[in-house]
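Written out below as structure tokens is the structure these notes cover.
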Amino acid sequence: MPEIEQEMRQFIVDNFLFGDKETKFSNDDSFLDRGMIDSTGVLELVAFLEEKYGIKIKDNELVPENLDSISCLVRFIDRKSRATS
Amino acid sequence: MQVEDFVELSARRFPEKTALVCGVQRLSYREIAEHSNRLAHGLIAAGIRRGDRVAVYLDNSVEAVLSVFGILKAGAVFMMVNPTTKVEKLTYVLNNSRARALITQHQKARDIQSWWSLAPHLDTVLIVGNEGATPEGGQSRAVSWSKLMAEHGRAIQTPPRQTIDIDLAALIYTSGSTGNPKGVVLTHLNMVAAATSITTYLENTPDDIILNVLPLSFDYGLYQVLMAFKFGGTVVLERSFTYHHAILEKLMEERVTGFPIVPTISAILLQMDLTKYRFPSLRYITNTGAALPTQHIAKLRQLFPHTRVYSMFGLTECKRVSYLPPEQVDARPTSVGKAMPNVEAYIVNEQGQRLPPGEVGELVVRGSNVMKGYWELPEETARMLRPGPVPGERVLHTGDLFRMDEEGYLYWVGRKDDIIKSRGEKVSPKEVENVLYGLEGVAMAAVIGVPDEVLGQAIKAFVTLQEGSRLTEKDVLRHCTQHLEEYMVPKLVEIRENLPRTPTGKIDKRELAARTE
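In order, the protein sequence lines correspond to chains H and P. Residues -17 to 67 (our numbering) make up the first sequence, in order. Residues 14 to 530 (our numbering) make up the second sequence, in order.
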């Protein structure tokens, strides 16, 4: 889990904050609240998750409860990977 | 009629009807009227007087909607500030308008509290959320929203009216050519006129349910709420289109009839697999900002076969100019339509003379919707608002180049100045360049608009570096996202050895634009 958390944080910082390590955000901070993500960002995030973790994400799973914070993402990936394996 | 009457009249006609849906919250017209009255009494008790400016720096939320009407009912002027605005610009806007109060949410209040002392006119900061925790610093000015509402719990009657319809209702800040934002001054009459014209051509009725994902700081988003309350409909308010599948679910669940979009939303819609969705209730989609690419319109009509698609054109200074009746889309796919009801639009040459159909010139707008000017900027106001045909009248010279066909349909050609129109919002290159010069290592910076199928124009920044600097394009983008609102951040950054110069030594932007594909 800490590994996935680290990978997620890295992806968010690289892609949504252009590598900005100064901006502090906690694992529970909502990307939406912090203005870090837009529609295109969601599509990039999904493409990344599918490739990196070999999971298939359905449209109805593209909701804030699954994707809107590091913690949500970690739980979601964990659940999805178990379902696939 | 005044803007706050939209709520008052609908609350009388349909007291128990759902006016606003926001997440799990559903508020009736009676509740909207009562809560906004409580807020108005609270603001008056806090010292807000007729004509005072009150800034609203909130994400789309119930409180943001209540703020608009509470401020107006207190006789004051509301200013919606984009929630992605950075603190430097927020401070500028607060000082420029000499706002007496700011309504914001706890997280944002925490981010900006160290700046409060730089806005001396601000004597009240009303904070939504995280009850009990008063932010440190400037406590004397901080007031909790829920405490203020509770204190005025019984004050559900509308405060006595102090304003008339030629009083100010709102300041809407827009990007200015000098690099500083300027406040578009709008009276109640301006806003009521615009809302009336638009709801007329959209043929809105109380049965309409509007889904709004656009920020209320963007006038297109704000008017969705104003107009729905005017015709007694329902607004489903979302914070953004980010989680687009969830939004489309909402569109179905709430049986939405009207969905306003911008070209970026249309681009996402066209990428999605929409086959599992059905939108039998969706009566219309509106688009403003850049004209949609013709293939987008065609595809949208395929995806939404029962839905009318309206292309429109407008600018904050008069809210809206034109709309294309959906049945005209096939005949004139690149047009942004003809003047909306109760508005006259025509094209003039450099000397201000009207031009015949087919010729390119500046678009001029006449109507009750035209702003009163830019806040405390007489020179810029005089440039945009010039004498019209009726004595004492002033008409709006938009700075947009257009041509008009024989039947009065308008076609956008470009801008007279170097202002960029991206996603339908004006962006001043100067404002972006100022931010670029604030980055250590940047020697020269030039910002231009380049054609973009989706955005209309995309913002492109050219930068040269000081000797020894190792800045990368990513560094430049990062700096921009830290200092600019989302819509002003360049899409493209190019670091160059040098920039072309004009004979007088200025950066030659024409040359830059010509060499950009």
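Every residue, glycine too, gets a C-beta built ideally from N, C-alpha and C.
Integer Cβ distance of residue i from residue j, believed to fall under 8 Å
i	j	result
Asp15(H)	Ser53(H)	Not confirmed; about 13 Å, so no contact.
His257(P)	Ile274(P)	So it is not a contact: roughly 11 Å between Cβ atoms.
Ala112(P)	Arg66(P)	4 Å
Leu85(P)	Val16(P)	6 Å
Ile116(P)	Val69(P)	5 Å
Thr299(P)	Met265(P)	Between Met265(P) and Thr299(P) the Cβ distance is about 19 Å, and since that is not below 8 Å, they are no contact.
Val361(P)	Val373(P)	Not a contact, Cβ separation roughly 11 Å.
Leu423(P)	Ser294(P)	Between Ser294(P) and Leu423(P) the Cβ distance is about 31 Å, and since that is not below 8 Å, they are no contact.
Leu409(P)	Val383(P)	5 Å
Arg63(P)	Gly88(P)	4 Å
Thr277(P)	Leu468(P)	7 Å
Ile222(P)	Val269(P)	5 Å
Endpoints, the beta strand (DSSP E) within which residue i is located
i	result
Ser41(P)	38 to 41
Trp425(P)	423 to 428
Lys70(P)	The sequence given here has Tyr at residue 70(P), not Lys. That run of the beta strand (DSSP E) goes 66 to 70.
Asn300(P)	297 to 300
Arg321(P)	321 to 326
Val156(P)	155 to 157
Thr484(P)	The amino acid occupying residue 484(P) in the given sequence is Leu; Thr does not appear at that position. Segment: none, Leu484(P) is in no beta strand (DSSP E) and carries neither H nor E.
Tyr3(P)	Here chain P covers residues 14 to 530 and nothing more, so residue 3(P) does not appear.
Val141(P)	137 to 141
Glu438(P)	438 to 440
Leu49(H)	That residue, Leu49(H), is in no beta strand (DSSP E); its alpha helix (DSSP H) goes 46 to 49.
Ile433(P)	433 to 435
Leu337(P)	335 to 337
Where residue i falls: helix, strand or coil (DSSP)
i	result
Arg491(P)	helix
Ile39(H)	coil
Val467(P)	coil
Arg51(P)	helix
Met353(P)	coil
Thr410(P)	Sequence check: residue 410(P) is His here, not Thr. Strand at His410(P).
Glu420(P)	coil
Tyr290(P)	coil
Glu507(P)	strand
Met162(P)	helix
Leu(-1)(H)	coil
Phe30(H)	helix
Ala59(P)	coil
Pro273(P)	strand
Ile45(P)	helix
Arg514(P)	strand
Leu14(H)	coil
Lys443(P)	helix
Ile461(P)	strand
Leu497(P)	coil
Gly23(H)	helix
Asp6(H)	The residue you asked about is not Asp; residue 6(H) is Lys in the sequence shown. Lys6(H): coil per DSSP, three-state reduction.
Lys473(P)	strand
Leu478(P)	strand
Arg456(P)	The residue asked about is misnamed: residue 456(P) is Ala in this sequence, not Arg. In the structure shown, Ala456(P) sits in a strand (DSSP, three-state: E or B).
Glu198(P)	Reading off the sequence, residue 198(P) comes out as Val, not Glu. DSSP places Val198(P) in strand when its eight states are reduced to three.
Ala65(H)	helix
Alpha helix (DSSP H) segment containing residue i, residue limits
i	result
Ala311(P)	307 to 316
Ile281(P)	276 to 284
Ala259(P)	257 to 266
Ala24(P)	18 to 26
Ala32(P)	Per DSSP, Ala32(P) belongs to no alpha helix (DSSP H); it is in the beta strand (DSSP E), 31 to 35.
Ala546(P)	One cannot answer for residue 546(P) here, as it falls past the ends of chain P, which runs 14 to 530.
Next on the checklist: Give the list of continuous beta strand (DSSP E) stretches no shorter than 3 residues that lie fully inside the stretch 362 to 406 of chain P.
Outcome noted: Along the length of the stretch 362 to 406 of chain P, whole beta strand (DSSP E) runs at least 3 residues long occupy 374 to 380, 398 to 400, reported in chain order.
Item to check | Continuous beta strand (DSSP E) assignments of at least 3 residues falling wholly in the stretch 200 to 253 of chain P | outcome: The qualifying runs are 222 to 225, 247 to 250.
Item to check | At least three beta-carbon pairs within less than 8 Å, the stretch 41 to 56 of chain H to the stretch -11 to -3 of chain H | outcome: Note that the stretch 41 to 56 of chain H touches the stretch -11 to -3 of chain H; at least 3 beta-carbon pairs, one per stretch, sit closer than 8 Å.
Item to check | Start-end ranges of the beta strand (DSSP E) lying completely within the stretch 78 to 130 of chain P, minimum 3 residues | outcome: 90 to 93, 114 to 118
Next on the checklist: Taking contact to mean 3 or more Cβ pairs, one atom from each stretch, closer than 8 Å, check whether the stretch 38 to 46 of chain P and the stretch 155 to 164 of chain P are in contact.
Outcome noted: no
Next on the checklist: Under 8 Å: do the stretch 190 to 198 of chain P and the stretch 217 to 228 of chain P share three or more Cβ pairs, one atom per stretch?
Outcome noted: The stretch 190 to 198 of chain P, when compared against the stretch 217 to 228 of chain P, does not touch it at the 8 Å Cβ threshold.
Checklist entry - Does the stretch 51 to 65 of chain P come close enough to the stretch 208 to 216 of chain P to have 3 or more Cβ pairs within less than 8 Å? => result No, the stretch 51 to 65 of chain P does not touch the stretch 208 to 216 of chain P.
Checklist entry - Does the stretch 341 to 354 of chain P touch the stretch 170 to 188 of chain P, meaning 3 or more C-beta pairs lie closer than 8 Å? => result Result no; under three Cβ-Cβ pairs closer than 8 Å.
Checklist entry - Hey, is the stretch 459 to 467 of chain P in contact with the stretch 480 to 497 of chain P, meaning 3+ C-beta pairs nearer than 8 Å? => result no
Item to check | Given 8 Å, three or more beta-carbon pairs between the stretch 474 to 492 of chain P and the stretch 281 to 290 of chain P | outcome: No contact exists between the stretch 474 to 492 of chain P and the stretch 281 to 290 of chain P.
Checklist entry - Using 8 Å as the Cβ pair cut-off and three pairs as the minimum, do the stretch 26 to 38 of chain H and the stretch 512 to 519 of chain P touch? => result no
Item to check | Stretch-stretch touch, CB-based, cutoff 8 Å, three pairs: the stretch 94 to 108 of chain P with the stretch 237 to 244 of chain P | outcome: no
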